[in-house]
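When we follow my numbering, the leftmost residue of the sequence shown carries the number 6, and every step to the right adds one.
Yeah, the Cβ is synthetic: ideal placement off N, Cα and C, and Gly gets one too.
Please read the structure below before turning to the comments.
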Amino acid sequence: MSAPAAARPVAAEGYARIRAGAPVAVRGTAALIWVEGPDAAGFLQGLVSNDVAALAPGGACAALFLDAKGHVQVEMRVHRDAGDAFTIVVPGDRADVLMGLLERYHFSEDLELLGPEPVEIVTLAGGARTPGALTVPGPLPGTVDVVADDPVAAIAAAGAEEVTADALELARVAAGVPRVGVDTGETTLVQEAALEGAAVSFDKGCYLGQETVARLQFRGRANRRLRGLALEGAPPEPGALVTHDGREVGRLTSVAVTPDLGPIGLAIVRREVEEGAVVNVGDASARVVALPFPPR
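In structure tokens form, the structure reads like this:
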């Protein structure tokens, strides 16, 4: 769970630039895994949630690795290097988990699994780009992540101003973008975390966990859904229970104190709690809002 991100002056300034659409850059880390060989495309296509086989060389997409029951396990970005070669960009703390899963499902396919290898990345926002770098979708809509041997040079080539990781975290919460492992648990479903729009193809063939994802999309609905919480007063710590009419309906996962929206949080809340409802979050109160957060 994400500790409250406070709007300290430097973070607040960077957050404002991100929200204004200015060209900015944030340095970070990730890990790379390579899948290479004649069967690489088919292997990944049968495991991850997005249509990686449809990518042209140089293309990339967000994807999820689910378990057989459709629970979200790992988020990733997949880059097609060539017809039979892919680079997966994965959060460093989930790299070994993803590699273990790939190895578990690798049987007789003609391919190699390489990695994971830690790398530095640069998140670019506001239209900034670094020509020639390996580029994948970034953590927020309209952003990209570039793999950078020299982050300083990559930022300079993009013509961007560097801002802090705290600024990006504030912007993430304000945009209502969940982080797998922070806003999700081991049994969270794709639609509960509102991940189906960016990381799922509903046109591709079968993949691990697809039956649950498709059933919720076309024949039912999830009983819980990611929601924004416009908090009143001092924000509670992540993990605080969300209750409505004396009943537990969720748990606070991400918290931020932003210059324009004030204290806000994310929680996967039971669907019967409608937007506009007032809930208790620990000892505080909050109003349930749609995402991304509307202006106050």
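Asked, Found
"Terminal residues of the beta strand (DSSP E) in which G267 lies", "G267 to R275"
"Anticipated Cβ contact below 8 angstroms, P121 with D101, distance rounded", "7 angstroms"
"A87 versus V151 - alpha carbon distance", "18 angstroms"
"Which of helix, strand or coil DSSP assigns to M6", "Interpretation of M6 is limited by its pLDDT of 49, a score under 50 that renders its predicted location unreliable; no figure is taken from the coordinates."
"From L200, H249, A30 and D288, residue whose alpha carbon lies closest to that of G281", "H249"
"Those runs of the alpha helix (DSSP H) which lie wholly inside the stretch 45 to 105 and span at least 4 residues", "45 to 50"
"For T263, the three-state DSSP class (helix, strand or coil)", "strand"
"Residue nearest to A17 in terms of C-alpha spacing, selected from L175, Q78 and L119", "L175"
"Local conformation of E191 per DSSP, three classes", "coil"
"Supposed contact pair E125 and R32 - C-beta distance, whole angstroms, cut 8 angstroms", "7 angstroms"
"Min CB distance A158 to chain D below 8 angstroms", "No chain D is part of this structure, which consists of one protein chain only."
"T217, DSSP secondary structure in three states", "helix"
"For L119: DSSP bridge partner residues", "W39"
"G164 to A133 span [Cα, whole Å]", "7 angstroms"
"Buried/exposed call for N228, threshold 16 Cβ in 10 Å", "exposed"
"Paired residues, beta bridge with H249 - DSSP", "R252"
"Between the CA atoms of A35 and R82 - distance to the nearest angstrom", "11 angstroms"
"Backbone secondary structure at A180 - three-state DSSP", "helix"
"Where the beta strand (DSSP E) through G202 begins and ends", "Where G202 is concerned, there is no enclosing beta strand (DSSP E), although the alpha helix (DSSP H) it sits in stretches over E201 to A204."
"Reduced DSSP category for P146 - H, G, I as helix; E, B as strand; rest coil", "coil"
"Neighbour-count burial assignment, S54, 16 or more Cβ in a 10 Å radius", "buried"
"Helix, strand or coil at G19 [DSSP, three-state]", "helix"
"DSSP bridge partner residues for L234 (one or two, in chain order)", "G270 and V293"
"A161 in three-state terms, based on DSSP", "helix"
"CA-to-CA distance, P240 to A3, given in whole angstroms", "This structure leaves residue 3 out entirely; the chain is present only between 6 and 301."
"Rounded distance between the beta-carbons of D44 and E114, thought under 8 angstroms", "4 angstroms"
"Where the beta strand (DSSP E) through V283 begins and ends", "V283 to V286"
"Exposure of E201, with buried meaning 16 or more beta-carbon neighbours within 10 Å", "buried"
"Cα-Cα separation, A158 to L107", "33 angstroms"
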